[in-house]
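2 protein chains.
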Amino acid sequence: MWAMQAIGYVRSPYRETRQVPKGLGAKHEAEGILEIRAEFEDGLQDIEGFSHLFVIWAFDRAEGYSLVGTPPSDDRPHGVFATRSPRRPNPIGLTVVELVSREGRMLRVRGIDMLDETPILDIKPYLSSVAPERLRRGWLEEAEGRAAGKR
Amino acid sequence: MWAMQAIGYVRSPYRETRQVPKGLGAKHEAEGILEIRAEFEDGLQDIEGFSHLFVIWAFDRAEGYSLVGTPPSDDRPHGVFATRSPRRPNPIGLTVVELVSREGRMLRVRGIDMLDETPILDIKPYLSSVAPERLRRGWLEEAEGRAAGKR
Numbered sequence: 003m004w005a006m007q008a009i010g011y012v013r014s015p016y017r018e019t020r021q022v023p024k025g026l027g028a029k030h031e032a033e034g035i036l037e038i039r040a041e042f043e044d045g046l047q048d049i050e051g052f053s054h055l056f057v058i059w060a061f062d063r064a065e066g067y068s069l070v071g072t073p074p075s076d077d078r079p080h081g082v083f084a085t086r087s088p089r090r091p092n093p094i095g096l097t098v099v100e101l102v103s104r105e106g107r108m109l110r111v112r113g114i115d116m117l118d119e120t121p122i123l124d125i126k127p128y129l130s131s132v133a134p135e136r137l138r139r140g141w142l143e144e145a146e147g148r149a150a151g152k153r
Numbered sequence: 003m004w005a006m007q008a009i010g011y012v013r014s015p016y017r018e019t020r021q022v023p024k025g026l027g028a029k030h031e032a033e034g035i036l037e038i039r040a041e042f043e044d045g046l047q048d049i050e051g052f053s054h055l056f057v058i059w060a061f062d063r064a065e066g067y068s069l070v071g072t073p074p075s076d077d078r079p080h081g082v083f084a085t086r087s088p089r090r091p092n093p094i095g096l097t098v099v100e101l102v103s104r105e106g107r108m109l110r111v112r113g114i115d116m117l118d119e120t121p122i123l124d125i126k127p128y129l130s131s132v133a134p135e136r137l138r139r140g141w142l143e144e145a146e147g148r149a150a151g152k153r
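Order-wise, the sequence lines are chains C and E.
All the letters of the first sequence, read from the start, carry residue numbers 3 to 153 under our numbering.
All the letters of the second sequence, read from the start, carry residue numbers 3 to 153 under our numbering.
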């Protein structure tokens, strides 16, 4: 077992889960702040050179977990490790954000889908992408296809 | 504080840190197995439809942390949140792997950079990439530029 602490908190326009865009075609354009605790500010040195960051955070308002569930983007159940469900064995969230600017220990970012006051566990530089032509997105592509067929 | 448990373990050809390719131009082509614990196998339903996965894991052999350090890919120090250093406030690792095949609770994957027996904390589907033309890679690009200039 590993004990994880908050290195900072998310400042987000979303205060409740239902405010966060979900489901097929949801866009995450919201801006917010990653406020890093003063004791960890030195760890941000040179982060402003990166355009995108991985933010690893805690689903602190999720309770328990379900191994199988039906996500907002589909009407069929899938395993938790094939979804971004908050109800996971370890309550870890992962979001790729665009770094807009840094002021001291405040990182202004775009693309957040976390609630206000979400605890941040780690930040890492986003270094490379998988080429789009090599990416398969499983049940999500199928759900998108069915949704397109209904339109 | 959040307590995290292992949902499984990595089976890797790397038994020691020095065996893992590091530094500029390091390629991670190694194949290995993500062996998920039997009690979590149901959470893998439909994961085989995804070509790439995020693996979130624990640096279980790292001790303590440094807020600033010099990575293998540069001769200059950078903040820990701008690097993939194992010595982080929360010992969390993140690797994007390609899913080659699934047999029950064993996921054969390509692109691992973890040591054998590394505890896995979470697995998520890789759903989208940042367009390469929008990606800036900060100090790493500068280090690559200096290395190219020396050749």
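Backbone N, C-alpha and C fix where the C-beta goes; we use that ideal spot for every residue, glycine too.
All figures in this text were calculated on a predicted structure; none of them were measured in a lab.
Return yes when the Cβ of residue j is within less than 9 Å of the Cβ of residue i, no when it is not.
i       : j       : result
P93(E)  : A64(E)  : yes
W59(E)  : T19(E)  : no
R110(E) : E33(E)  : yes
K126(C) : R139(E) : no
L96(C)  : L96(E)  : yes
P134(C) : S103(E) : no
F56(E)  : V98(E)  : yes
S75(E)  : A150(E) : no
I38(C)  : R107(C) : yes
G45(E)  : I9(E)   : yes
Restricting to Cα atoms, I'd like to know which of the options is closest to residue i.
i       : options                               : result
G70(E)  : R17(C), L55(C) and E43(C)             : At residue 70(E) the sequence reads Val, which differs from the Gly that was named. For V70(E), the nearest C-alpha among the options comes from E43(C).
H54(C)  : I49(E), G27(E) and F83(E)             : F83(E)
E100(E) : I125(C), Y16(C), A5(C) and L137(C)    : L137(C)
L6(E)   : P134(C), V12(C), L123(C) and D118(C)  : The residue you asked about is not Leu; residue 6(E) is Met in the sequence shown. Looking at the Cα atoms, L123(C) is the closest of the given residues.
Y11(C)  : T97(C), G151(C) and D118(C)           : D118(C)
P88(C)  : D62(C), D76(C), A149(C) and A40(C)    : D62(C)
E41(C)  : W141(E), R112(E), S68(E) and E144(E)  : S68(E)
S14(C)  : L26(C), G113(C), T72(C) and P79(C)    : G113(C)
E146(E) : P79(C), R39(C), E146(C) and L129(C)   : L129(C)
T72(E)  : E143(C), L142(C), K152(C) and D48(C)  : D48(C)
E144(C) : D77(C), D115(C) and I9(C)             : D77(C)
Y16(E)  : K152(E), L142(E), M116(E) and W141(E) : M116(E)
G81(E)  : E50(E), L46(E), G25(E) and W141(E)    : W141(E)
W4(E)   : P91(C), E105(C) and P79(C)            : P91(C)
E105(E) : L26(E), Q21(E) and E50(E)             : E50(E)
Assign residue i to one of three DSSP states: helix, strand, or coil.
i       : result
T19(E)  : helix
L196(C) : The question about residue 196(C) has no answer here: the residues shown for chain C are numbered 3 through 153.
I94(C)  : strand
F83(C)  : helix
A60(C)  : strand
G151(E) : helix
R89(C)  : coil
I122(C) : strand
G106(E) : coil
A5(E)   : strand
G71(C)  : strand
E100(E) : strand
R136(E) : helix
G25(E)  : coil
G113(C) : coil
L55(E)  : strand
G66(E)  : coil
Say the cut is 8 Å; is the CB of residue i nearer than that to a heavy atom of the ligand FAD?
i       : result
R107(C) : For the structure depicted, the ligand FAD is absent and the ligand set is empty, with no information on it obtainable.
Near-chain C residues of the segment 112–134 of chain E - C-beta to any C-beta below 7 Å: Flagged, chain order: L123, D124, I125, K126, P127, Y128, L129, S131, V132 and P134.
Within 9 Å of chain E by C-beta, residues of the segment 19–31 of chain C in sequence order: So the list is empty, because no residue satisfies the distance condition.
Contacting positions in the segment 66–84 of chain C - beta carbon closer than 8 Å to chain E: Under the 8 Å Cβ criterion, the segment 66–84 of chain C contributes L69, V70, P79, H80, G81, V82, F83 and A84.
Residues within the segment 34–61 of chain C neighbouring chain E, beta-carbon criterion of under 7 Å: So the list reads F42, D44, G45, L46, Q47, D48, I49, G51, F52, S53, H54, F56, I58 and A60, given in the order they occur along the chain.
Contacting positions in the segment 4–19 of chain C - beta carbon closer than 8 Å to chain E: Legend: CB atoms of the segment 4–19 of chain C lying less than 8 Å from CB atoms of chain E belong to residues W4, A5, M6, Q7 and I9.
Interface residues of the segment 85–99 of chain E facing chain C [CB-CB below 8 Å]: Under the 8 Å Cβ criterion, the segment 85–99 of chain E contributes T85, R86, R90, P91, N92, P93, I94, L96 and V98.
Interface residues of the segment 135–152 of chain C facing chain E [CB-CB below 9 Å]: Taking 9 Å as the cut-off between beta carbons, the residues of the segment 135–152 of chain C near chain E are R136, L137, R138, R139, G140, W141, L142, E143 and E144, in sequence order.
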